[in-house]
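Asks: My questions all concern the structure below.
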Amino acid sequence: MSEHSSSAKLYWIIWGSLIVLTFVTAGVAYLDLGPFNTIVALTIATCKALLVILFFMHVKDASERLTKVVIISSIFWLLIMLGLSLADFSTRTIGS
Amino acid sequence: MTDSHAATQHGPELLHHFADEEQQRNSASLGMWLFLGTEIMFFGGMFLAYLVYRLNYFESFAASSRSIAVPLGAINTAVLLCSSLTVVLAVRAAQMGKRKLLIWMLILTLIFGLAFLAIKGVEWHEKYEEHHIPGNFMGRAFDVSDIQRDFPKLHVDPQHAQIFFSLYFALTGIHALHMIVGVGIFLWLIYKAWKGDFGPKYYTPVEIGGLYWHFVDVVWIYLFPLLYLIDRKPL
Numbered sequence: 001m002s003e004h005s006s007s008a009k010l011y012w013i014i015w016g017s018l019i020v021l022t023f024v025t026a027g028v029a030y031l032d033l034g035p036f037n038t039i040v041a042l043t044i045a046t047c048k049a050l051l052v053i054l055f056f057m058h059v060k061d062a063s064e065r066l067t068k069v070v071i072i073s074s075i076f077w078l079l080i081m082l083g084l085s086l087a088d089f090s091t092r093t094i095g096s
Numbered sequence: 097m098t099d100s101h102a103a104t105q106h107g108p109e110l111l112h113h114f115a116d117e118e119q120q121r122n123s124a125s126l127g128m129w130l131f132l133g134t135e136i137m138f139f140g141g142m143f144l145a146y147l148v149y150r151l152n153y154f155e156s157f158a159a160s161s162r163s164i165a166v167p168l169g170a171i172n173t174a175v176l177l178c179s180s181l182t183v184v185l186a187v188r189a190a191q192m193g194k195r196k197l198l199i200w201m202l203i204l205t206l207i208f209g210l211a212f213l214a215i216k217g218v219e220w221h222e223k224y225e226e227h228h229i230p231g232n233f234m235g236r237a238f239d240v241s242d243i244q245r246d247f248p249k250l251h252v253d254p255q256h257a258q259i260f261f262s263l264y265f266a267l268t269g270i271h272a273l274h275m276i277v278g279v280g281i282f283l284w285l286i287y288k289a290w291k292g293d294f295g296p297k298y299y300t301p302v303e304i305g306g307l308y309w310h311f312v313d314v315v316w317i318y319l320f321p322l323l324y325l326i327d328r329k330p331l
């Protein structure tokens, strides 16, 4: 029943941070950070995704461990797909 | 005898095979997360295609991405984040049994969702006018010579640009389809909330519908930088 403890104030703070991060990511894109532009953009996106998943989707307070296992394995599967595929595609060139 | 007696003690919102309301709620969100796991892989396939082509055809991808208006994308991101706030406030209202607040938060979510789709429509129309829809959509043949003119320092290969825009329309299109499904779910939630079906003891549909809505929001959180902000640094 811990989900009852999440206060509306916390939700507004999370929302404010998400809006700020949105404008930060749009602004930073116009700076020349060399190869770091993409890294910064993806890091900010992952921070935003984590805020939504942990606080808005109540994963932080989820009492059921099995739910957390499902979430972590889902992300793990995605990383397997991306990682193994890129290991292949990045060692060859398409066309030309 | 005592067991069957205890089973009749609970209210109509608790199904017989669950021990208590909390177990029932946890089972429902576990099931929803399993579905969202399949959704992660579904969108993941498209993200993988995007990644492979972006790495190989970076210049054309960068130039094509520059032709998409950032302000509309940023506003749409903010609109979706606002809708996620109203969703989570709706869940809270249901938990506290505030029926009126719940209905208002659900309606606000619906409005934000429709606003997102409307802005998306404006963006797609812009791409249509600019001949940036792959193939020969409604008599407008795909043509990116305007992008080459705008960014002479980048080499734009029309075929590679066409792959970018195919991925752009596939990703934003499937995302928008999810938004339309979400709008349907929330219309149903508003109807149920209006009837007074939700309260502190039973708000599972609000929570589960909310999980779906937040997931679609998370997908957009990645789509915005990946499609709009590939390469915006001064040339």
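Protein chains in written order, with the numbering used here: chain Z, 1 to 96; chain W, 97 to 331. Just so it is clear, CB atoms sit at the ideal spot from N, CA and C, and this is done for glycine as well.
1. How about leucine 18(Z) and valine 52(Z): do their beta carbons lie closer than 9 Å?
2. Below 8 Å between beta carbons is the criterion; list the residues of the region 15-32 of chain Z that meet it against any residue of chain W, in chain order.
3. State the DSSP-derived secondary structure class of tyrosine 298(W), mapped to helix, strand or coil.
4. Count the other CB atoms, across all protein chains shown, that sit within 10 Å of the CB of leucine 319(W); report buried if there are 16 or more and exposed otherwise.
5. Could you work out which residue in Val69(Z), Leu42(Z), Trp77(Z) and Phe89(Z) is closest to asparagine 152(W) when comparing CA atoms only?
6. For the ligand NAP, is there any heavy atom lying closer than 8 Å to the beta carbon of isoleucine 75(Z)?
7. Less than 6 Å between C-beta atoms, sequence neighbours within five positions excluded: which residues of the same chain meet that for histidine 4(Z)?
8. Assuming phenylalanine 260(W) contacts serine 156(W) (C-beta within less than 8 Å), just tell me the rounded distance between them.
9. For alanine 237(W), name the three-state secondary structure that DSSP assigns.
10. Less than 9 Å between CB atoms is the rule here; does alanine 211(W) satisfy it with respect to chain Z?
11. Could you pull the start and end residues of the alpha helix (DSSP H) that isoleucine 281(W) belongs to?
12. Among residues of its own chain, excluding the 5 on either side of isoleucine 304(W), which ones have a beta-carbon nearer than 6 Å to its beta-carbon?
13. Going by the beta-carbon positions, is the gap between alanine 158(W) and leucine 267(W) smaller than 9 Å?
14. Would alanine 87(Z) count as contacting chain W if we go by Cβ distances under 9 Å?
15. Where DSSP assigns a beta bridge to asparagine 37(Z), which residues make up the other side?
16. Nearest-angstrom Cα distance between isoleucine 80(Z) and glycine 141(W)?
17. Using a cut-off of 7 Å between C-beta atoms, extract the partners of tyrosine 224(W) located in chain Z.
18. Which residues in the same chain have their Cβ closer than 8 Å to the Cβ of threonine 205(W), if we skip the five residues on either side of it in sequence?
19. Should asparagine 232(W) go down as buried or exposed, given a rule of 16 or more other Cβ atoms within 10 Å for buried?
Replies: Considering the structure as presented:
1. For the purposes of this step, residue 18(Z) is taken as the residue at position 18 of the first sequence. For the purposes of this step, residue 52(Z) is taken as the residue at position 52 of the first sequence. The answer is yes: Cβ separation under 9 Å.
2. Trp15, Leu18, Ile19, Thr22, Phe23, Thr25, Ala26, Ala29, Tyr30, Leu31 and Asp32
3. Here residue 298(W) refers to the residue found at position 202 when the second sequence is read from its first residue. If DSSP states are grouped into helix, strand and coil, tyrosine 298(W) belongs with the strands.
4. Along the second sequence, one-based indexing puts residue 319(W) at 223. Classification for leucine 319(W): buried.
5. In the second sequence, residue 152(W) corresponds to position 56, counting from 1. Comparing Cα-Cα distances from asparagine 152(W) to each of Val69(Z), Leu42(Z), Trp77(Z) and Phe89(Z), the minimum goes to Phe89(Z).
6. Summarising the ligand content, the structure contains no ligands, and the ligand NAP is consequently not present.
7. Within the first sequence, the letter at position 4 stands for residue 4(Z). Any reading at histidine 4(Z) is ruled out, since the residue's pLDDT is 49, under 50, leaving its predicted position unreliable.
8. For the purposes of this step, residue 260(W) is identified with residue 164 of the second sequence, where counting begins at 1. For the purposes of this step, residue 156(W) is identified with residue 60 of the second sequence, where counting begins at 1. Indeed they touch by this definition, with Cβ atoms about 6 Å apart.
9. In the second sequence, counting from the first residue as 1, residue 237(W) sits at position 141. DSSP places alanine 237(W) in strand when its eight states are reduced to three.
10. In the second sequence, the residue the question calls residue 211(W) occupies position 115. Chain Z, which has no Cβ nearer than 9 Å to the Cβ of alanine 211(W), makes this no.
11. On the second sequence, residue 281(W) is found 185 positions in, with the first residue counted as 1. Start and end: 254-290.
12. Counting from 1 along the second sequence, the entry for residue 304(W) is found at position 208. Hits under 6 Å: Ala124 and Met128.
13. Locating residue 158(W) in the second sequence gives position 62, where the first residue counts as 1. Locating residue 267(W) in the second sequence gives position 171, where the first residue counts as 1. No, they are not a contact pair.
14. Here residue 87(Z) is taken as the residue at index 87 of the first sequence, counted from 1. Chain W, which has no Cβ nearer than 9 Å to the Cβ of alanine 87(Z), makes this no.
15. Residue 37(Z) sits at position 37 when you count from the first residue of the first sequence. DSSP, once it has assigned bridges, lists no residue as partnering asparagine 37(Z).
16. Taking the first sequence and counting its residues from 1, one reaches residue 80(Z) at position 80. Taking the second sequence and counting its residues from 1, one reaches residue 141(W) at position 45. Using only the alpha carbons, I get a separation of about 12 Å.
17. On the second sequence, residue 224(W) is found 128 positions in, with the first residue counted as 1. By Cβ distance, chain Z contributes nothing, its closest Cβ being about 24 Å from tyrosine 224(W), past 7 Å.
18. The count along the second sequence starts at 1 and reaches residue 205(W) at position 109. Ser179, Thr182, Val183, Ala186, Phe282 and Trp309, listed in sequence order.
19. Working through the second sequence from its first residue, we reach residue 232(W) at position 136. It counts as exposed.
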